[in-house]
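K.L.:
Residue numbers (our numbering), protein chains in the order written: chain E, 98 to 681; chain S, 98 to 681.
Built from N, CA and C at the ideal position, the CB exists for glycine as well.
What follows is a structure written as structure tokens; I'll ask about it next.
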């Protein structure tokens with residue numbers, strides 16, 4: 098062992114002890130007759146001192162040559178520091194060095210290894226192994242491990258069994274695009290990497306495994322939006338002989354446990370709201386409920402006056418922005434410009450200031466009197482001092498726009514506090530959504546989701562109105578998990594495939610093994626999956642997942658550190674029975 | 098929830114309680130006026146009773162229709178059984194059923210869901226979800242989870258951090274064949290699936306992560322020998338600032354912990370033997386030391402007599418088979434035939450019976466007197482009553498043959514006891530092995546393995562004699578883990594690549610990122626990886642890994658259950674910029 102202690106553990110209780118430590122030179126201060134070196138490892142920083150009058154000459158001279166990020170090993174005596182540093186656990190002591198070994202030299206790193214680095218995203222990714230030396234990244238990875246361990250312990254204690262499902266599976270065109278793997282031994286055929294272990298976990302339920310989980314990599318070959326990765330990690334779970342209520346309680350328990358263990362936060366029962374309520378109240382199926390600004394629908398009080406814009410709109414809807422009645426004209430114009438940006442797409446915005454004196458002043462005073470505006474205040478829940486902002490237009494679009502505005506204001510007003518955690522369930526999702534492009538229904542969750550029995554009669558007449566036994570867990574404006582009770586009846590599953598436009602042959606070809614399995618005694622079952630990357634980031638108080646992934650890919654799906662993907666040998670292609678299909 | 102209790106938990110303390118249970122019909126015995134049903138779930142079996150005189154008529158009639166593997170839910174009262182079954186935890190009670198719901202019917206399964214099934218390997222794999230219902234498979238999966246959790250807890254408690262490394266990485270022609278993944282977004286380029294996270298864990302050490310582990314899937318596109326899988330699971334570990342001794346101690350600790358926690362077995366310090374000793378003593382670098390039969394080299398005492406076969410041989414080597422001097426001529430001829438099989442390949446075998454009266458009787462009495470044969474006994478460690486078996490020929494080949502014979506006899510004589518565990522370390526592996534085909538040296542472990550500093554002077558002159566800081570953990574005749582101290586010096590790493598026949602360009606192209614990383618302060622580091630599939634199987638007392646993998650592939654790399662790999666759409670191929678290269 099190269100050390101007797103780590104760089105994070107020495108304190109006053111070790112004074113006078115002979116110790117050996119090893120690590121990286123964080124920085125060095127050379128005062129001529131005295132040299133201090135901050136030595137860093139994963140566990141902390143320990144100050145080394147080389148003193149011309151107390152350190153052997155050769156050691157002292159060698160210490161002068163140490164550069165940043167050199168890897169060294171030192172022996173010495175723990176002594177009390179003259180000027181203590183109360184900010185770090187080792188701040189009371191330093192090591193008077195007697196022996197110094199340079200284990201490895203280092204070139205000057207391309208960016209500073211500090212909490213606040215001068216390195217941009219690109220260079221940090223190229224030298225990710227140096228980036229990981231920085232506390233923010235290192236601590237994120239340690240934090241991720243802690244969360245994953247807590248998940249595993251909690252679920253194991255509840256008799257969940259982690260089962261590894263295969264990575265080389267079968268391609269199914271449904272859903273997102275698969276990554277595929279050509280098979281050498283099966284000419285012309287391909288494996289696919291799993292988008293999720295969905296069918297396997299259902300088969301484990303058919304197999305009587307009863308309670309399954311897995312922390313598992315999943316793969317989607319999609320064009321990468323910001324903060325998406327082609328490979329990502331799920332906490333994948335499934336239970337048999339359960340109803341929706343059992344799933345909600347179990348995984349609410351898990352999340353409550355994590356908040357308690359990891360963040361020290363007690364959260365009571367999670368609120369449950371329906372998808373319809375979420376859309377009407379927040380314009381969004383993953384509302385951030387750390388703050389209010391619930392939607393107030395104003396059609397009844399704002400239409401049938403002389404304001405043509407509102408009269409022509411399917412929906413007139415507003416929010417009360419707390420304590421912002423004093424916004425200047427310029428500030429409000431800024432907001433109007435913001436909602437008119439193409440990313441939001443509103444054509445305009447009406448405002449109404451609810452002054453502290455109780456009077457109301459709007460941008461449409463020509464059409465609405467105080468009495469009218471009072472009703473706006475009532476319906477948006479505005480109180481004196483608030484600013485009411487109103488959008489109008491087609492219902493879905495307008496809700497989406499107002500939701501964007503609500504979130505933007507939540508951010509600007511500091512209402513989205515990173516140390517506050519407000520989880521909730523959104524339930525009763527629609528089973529299907531209409532796809533304009535393909536002119537057919539798609540499964541909103543996936544084709545195995547069970548419709549609510551009481552809505553089953555709508556299967557032929559109004560399939561779009563069928564609600565599913567599907568649910569999402571939402572935390573601070575992010576969907577962190579989602580799932581459903583599954584179909585476990587082979588006839589119903591066949592009808593579902595039919596409804597989704599599968600021919601019998603397609604269904605048989607892609608999911609025949611599952612349909613087949615359902616003939617041999619499938620229990621009622623359901624489950625959910627959490628997105629671990631996102632969950633960890635949110636628990637860590639961050640909005641972006643990248644620092645919680647050791648070696649992430651960029652937006653072109655490249656690992657710029659190892660330079661992958663890359664070209665491969667002709668021989669490899671030949672063995673795999675494929676050729677390139679590109680213009681050289 | 099479909100149940101108040103599982104099928105494994107009811108006992109005499111629950112008598113008179115109203116309960117609800119759900120599960121699968123294991124079997125049903127219909128006595129006309131009385132029907133007993135064994136209800137099974139993951140947790141056990143509970144007996145249900147339907148009694149014409151106590152059960153409602155409709156329930157009783159429905160019970161008559163229940164077939165094997167039907168999924169049912171029942172309510173009823175726990176009562177004391179008349180004839181108790183002491184073999185199962187629920188054997189004191191049964192449930193007098195008042196309500197019966199058939200949750201799902203089942204076709205007759207294609208094989209019996211019993212511990213000893215009538216289903217062959219192929220059909221069990223096709224219906225793996227039914228196979229998993231059987232105790233031997235189900236319990237193997239539960240056991241695997243338990244082992245994995247213990248590993249994670251133990252390493253986490255030692256401050257190891259589990260870090261997820263990427264699955265979409267870069268193809269390197271060195272080593273086994275990669276599975277590759279065509280990139281849609283990077284035309285003509287491919288990812289590779291990792292054969293192991295080797296370079297990433299080393300980069301994590303460069304990144305200061307200090308102690309890393311990961312239970313992780315790895316991939317090798319090799320022709321599958323029996324009991325190999327194209328995807329397999331490793332417990333992958335790496336530590337910084339360590340020497341070989343630290344690694345051995347740490348992972349000996351882990352294995353000792355597993356044996357204690359999982360098997361209740363205390364094992365003292367693991368023996369450590371060198372590779373050379375293992376080869377000379379057992380003909381094998383993964384010896385099963387649960388039994389003796391150590392090799393005795395007989396050249397000095399068996400050569401230079403008149404027996405030409407021995408005189409011409411590079412090596413004459415024997416083992417003493419305990420208490421087998423009484424083997425009949427037929428039994429011995431059987432053994433001779435066995436070693437002459439092409440799989441073993443010996444050209445013949447000499448034997449010598451060490452009779453209980455102290456006399457020795459050999460098949461070459463013509464050439465050797467009692468005095469000579471006594472020396473054979475001494476060198477093989479034979480005692481009266483033992484049978485000495487001797488092979489001769491080229492040294493390496495003969496050792497391999499005798500090793501096969503030793504293992505065969507270990508099996509036949511019941512010396513390889515499944516409940517006995519004899520772990521050991523084999524150390525000081527050669528750094529390189531000569532490959533006749535390519536006429537160059539290959540890395541015996543991998544190109545990152547550190548040579549022993551004291552052997553470094555042989556680098557140019559006799560590279561084949563350099564020993565590595567490489568080690569294997571062996572358990573009961575299986576290599577369950579292996580690793581090495583790594584090179585952490587960029588110049589030495591460059592020399593290693595050169596020695597292995599890489600051009601500068603190849604080394605740069607394939608491992609440039611690692612060589613680059615070594616310039617920025619790489620700490621001394623090393624690690625190892627356990628094969629989880631094998632480890633679990635051995636701890637479970639089995640020789641074959643297949644039942645410890647939920648969804649294994651067959652020897653053609655196929656998943657016969659989901660029928661993968663499979664053909665994919667032309668559209669998919671087009672998007673991936675590839676075409677098939679097959680004769681249609």
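So residue 147/E is in the beta strand (DSSP E); what residue range does that whole segment cover?
P.N.:
The residue given as residue 147/E occupies position 50 in the first chain. 141-148 is the extent of the beta strand (DSSP E) around residue 147/E.
K.L.:
Does the contact criterion of 3 or more C-beta pairs under 8 Å hold for the stretch 633-649 of chain S versus the stretch 244-253 of chain E?
P.N.:
As far as the Cβ criterion goes, the stretch 633-649 of chain S does not touch the stretch 244-253 of chain E, which means the pair count is below three.
K.L.:
Measure the C-alpha to C-alpha separation of residue 461/E and residue 654/E and round it to an integer number of angstroms.
P.N.:
Numbered from its first residue, the first chain carries residue 461/E at position 364. Numbered from its first residue, the first chain carries residue 654/E at position 557. Whole-angstrom Cα-Cα distance: 49 Å.
K.L.:
With three or more beta-carbon pairs closer than 8 Å as the criterion, would you say the stretch 537-549 of chain S touches the stretch 502-519 of chain S?
P.N.:
No contact exists between the stretch 537-549 of chain S and the stretch 502-519 of chain S.
K.L.:
Provide the residue(s) that pair with residue 92/S in DSSP beta bridges, ordered along the chain.
P.N.:
The requested residue 92/S is not part of the displayed model; chain S covers only 98 to 681.
K.L.:
Are the CB atoms of residue 333/S and residue 348/S within a distance shorter than 8 Å?
P.N.:
As a position in the second chain, residue 348/S is number 251, starting the count at 1. As a position in the second chain, residue 333/S is number 236, starting the count at 1. No; because the gap between Cβ atoms is not below 8 Å, this pair is not in contact.
K.L.:
Is there at least one Cβ from chain S nearer than 8 Å to residue 594/E's Cβ?
P.N.:
Reading the first chain from its first residue, position 497 is the one you call residue 594/E. With 8 Å as the cut-off, residue 594/E does not count as an interface residue toward chain S.
K.L.:
On the DSSP bridge assignment, give the partners of residue 529/S in chain order.
P.N.:
Numbered from 1 along the second chain, position 432 holds the residue referred to as residue 529/S. DSSP lists 540/S as partners of residue 529/S.
K.L.:
List the residues of chain S that residue 674/E touches, going by C-beta distances under 8 Å, in chain order.
P.N.:
Sequence index remark: in the first chain, residue 674/E carries index 577 (1-based). By Cβ distance, chain S contributes 677, 678, 679.
K.L.:
Does DSSP classify residue 270/E as helix, strand or coil?
P.N.:
Position 173 of the first chain, counted from the first residue, corresponds to residue 270/E. The answer is coil: DSSP assigns residue 270/E none of H, G, I, E or B.
K.L.:
Measure the C-alpha to C-alpha separation of residue 649/E and residue 446/S and round it to an integer number of angstroms.
P.N.:
By one-based count along the first chain, residue 649/E stands at place 552. By one-based count along the second chain, residue 446/S stands at place 349. The alpha-carbon atoms of residue 649/E and residue 446/S are separated by roughly 60 Å.
K.L.:
I'd like to check one pair, residue 561/E with residue 623/E: are the Cβ atoms closer than 8 Å?
P.N.:
Locating residue 623/E in the first chain gives position 526, counting from the first residue. Locating residue 561/E in the first chain gives position 464, counting from the first residue. Contact: no.
K.L.:
Tell me, to the nearest whole angstrom, how far the beta carbon of residue 481/S is from that of residue 455/S; I am working on the premise that it is less than 8 Å.
P.N.:
The count along the second chain starts at 1 and reaches residue 481/S at position 384. The count along the second chain starts at 1 and reaches residue 455/S at position 358. Confirmed, Cβ separation roughly 6 Å.
K.L.:
Please list the residues of the stretch 267-295 of chain E that have a C-beta atom closer than 8 Å to any C-beta atom in chain S, keeping them in chain order.
P.N.:
If the cut-off is 8 Å between Cβ atoms, the stretch 267-295 of chain E has 267, 268, 270, 274, 275, 276, 277, 278, 279, 280, 281, 282, 283, 284, 285, 286, 287, 288, 289, 290 near chain S.
K.L.:
Taking just the CA atoms, how far does residue 258/E sit from residue 239/S?
P.N.:
Position 142 of the second chain, counted from the start, is the residue given in the question as residue 239/S. Position 161 of the first chain, counted from the start, is the residue given in the question as residue 258/E. Rounded to whole angstroms, residue 239/S to residue 258/E spans 6 Å at the Cα level.
K.L.:
Quick one: what does DSSP say residue 329/E is sitting in, helix, strand or coil?
P.N.:
Your numbering for residue 329/E matches position 232 in the first chain. In this structure, residue 329/E counts as strand in the three-state DSSP scheme.
K.L.:
Would you kindly report the start and end of the unbroken alpha helix (DSSP H) that includes residue 612/S?
P.N.:
The residue you call residue 612/S lines up with position 515 of the second chain. Its alpha helix (DSSP H) spans residues 601-614.
K.L.:
Grab me the residues of residue 421/E's own chain with a C-beta within less than 7 Å of its C-beta, minus the 5 sequence neighbours each way, in chain order.
P.N.:
As a working note, residue 421/E is residue 324 in the first chain. For residue 421/E, where only same-chain residues beyond five positions count, the Cβ hits under 7 Å are 483, 484.
K.L.:
Residue 335/S and residue 302/S - do their beta-carbons sit closer together than 8 Å?
P.N.:
For this step, residue 302/S is matched to residue 205 along the second chain. For this step, residue 335/S is matched to residue 238 along the second chain. Yes, these two residues count as a Cβ contact at 8 Å.
K.L.:
Note down, in chain order, all residues in the stretch 126-153 of chain E with a beta-carbon under 8 Å from any beta-carbon belonging to chain S.
P.N.:
Of all residues in the stretch 126-153 of chain E, 137, 138, 139, 140 have a Cβ within less than 8 Å of some Cβ in chain S.
K.L.:
Helix, strand or coil: how does DSSP classify residue 112/E here?
P.N.:
The residue you call residue 112/E lines up with position 15 of the first chain. In the structure shown, residue 112/E sits in coil (DSSP, three-state: anything other than H, G, I, E or B).
K.L.:
What are the residues in the stretch 236-261 of chain S lying within 7 Å of chain E by C-beta distance?
P.N.:
Result list: 238, 239, 242, 245, 246, 249, 253, 258, 259, 260, 261.
K.L.:
Under 8 Å Cβ to Cβ from residue 670/S, same chain only, skipping five residues before and after it: list those, please.
P.N.:
Here residue 670/S corresponds to residue number 573 of the second chain, with the count starting at 1. Closer than 8 Å at the Cβ level, and outside the excluded window around residue 670/S, lie 676, 677.
K.L.:
Any chance the stretch 268-281 of chain S sits against the stretch 182-197 of chain E, with 3 or more Cβ pairs inside 8 Å?
P.N.:
At 8 Å Cβ cutoff, the stretches do not touch.
K.L.:
In chain order, what are the residue ranges of uninterrupted alpha helix (DSSP H) at least 4 long that sit wholly in the stretch 361-420 of chain S?
P.N.:
Within the stretch 361-420 of chain S, the complete alpha helix (DSSP H) runs of at least 4 residues are 372-379, 396-399, 405-409.
K.L.:
Can you list, in chain order, the residues of its chain whose CB lies under 7 Å from that of residue 163/E, leaving out five sequence neighbours each side?
P.N.:
In the first chain, counting from the first residue as 1, residue 163/E sits at position 66. Taken in chain order, the residues that qualify are 122, 125, 134, 169.
K.L.:
If you draw a straight line from the alpha carbon of residue 501/E to that of residue 587/E, how long is it in whole angstroms?
P.N.:
In the first chain, counting from the first residue as 1, residue 501/E sits at position 404. In the first chain, counting from the first residue as 1, residue 587/E sits at position 490. Taking the straight line joining both Cα atoms gives about 42 Å.
K.L.:
Report the rounded CA-to-CA distance for residue 471/S versus residue 391/S, giving the unit in angstroms.
P.N.:
Walking along the second chain from the start, residue 471/S turns up at place 374. Walking along the second chain from the start, residue 391/S turns up at place 294. If I take the Cα positions, the gap works out to 17 Å.
K.L.:
Taking 8 Å as the CB-CB limit, is residue 585/E close to chain S?
P.N.:
As a position in the first chain, residue 585/E is number 488, starting the count at 1. By this cut-off, residue 585/E is an interface position.
K.L.:
Pull up the distance between the alpha-carbon of residue 351/S and that of residue 365/S, whole angstroms please.
P.N.:
Taking the second chain and counting its residues from 1, one reaches residue 351/S at position 254. Taking the second chain and counting its residues from 1, one reaches residue 365/S at position 268. Near 13 Å, if we compare the C-alpha coordinates of residue 365/S and residue 351/S.
K.L.:
CB residue 555/E to CB residue 541/E, shorter than 8 Å?
P.N.:
Taking the first chain and counting its residues from 1, one reaches residue 555/E at position 458. Taking the first chain and counting its residues from 1, one reaches residue 541/E at position 444. Their beta carbons are not under 8 Å apart, which means residue 555/E does not touch residue 541/E by this criterion.
K.L.:
Identify the residues that DSSP records as bridge partners of residue 131/S: which are they?
P.N.:
Working through the second chain from its first residue, we reach residue 131/S at position 34. DSSP output for residue 131/S lists 148/S as bridge partner(s).
K.L.:
Taking residue 567/E as the reference, which of 576/E, 582/E, 557/E has the closest Cα?
P.N.:
On the first chain, position 470 is the one that residue 567/E refers to. Ranking 576/E, 582/E, 557/E by Cα distance to residue 567/E puts 582/E first.
K.L.:
Helix, strand or coil for residue 153/S, going by three-state DSSP, please let me know.
P.N.:
Within the second chain, the letter at position 56 stands for residue 153/S. Coil.
K.L.:
Starting from the N-terminal side, write out each stretch of the beta strand (DSSP E) that is 3 residues or longer and does not extend beyond the stretch 423-474 of chain S.
P.N.:
You should have 447-451, 457-459.
K.L.:
For the beta strand (DSSP E) that residue 98/E lies in, which residues bound it at each end?
P.N.:
As a first step, residue 98/E is located in the first chain; it is residue number 1 there, counting from the start. Where residue 98/E is concerned, there is no enclosing beta strand (DSSP E), given that its DSSP letter is neither H nor E.
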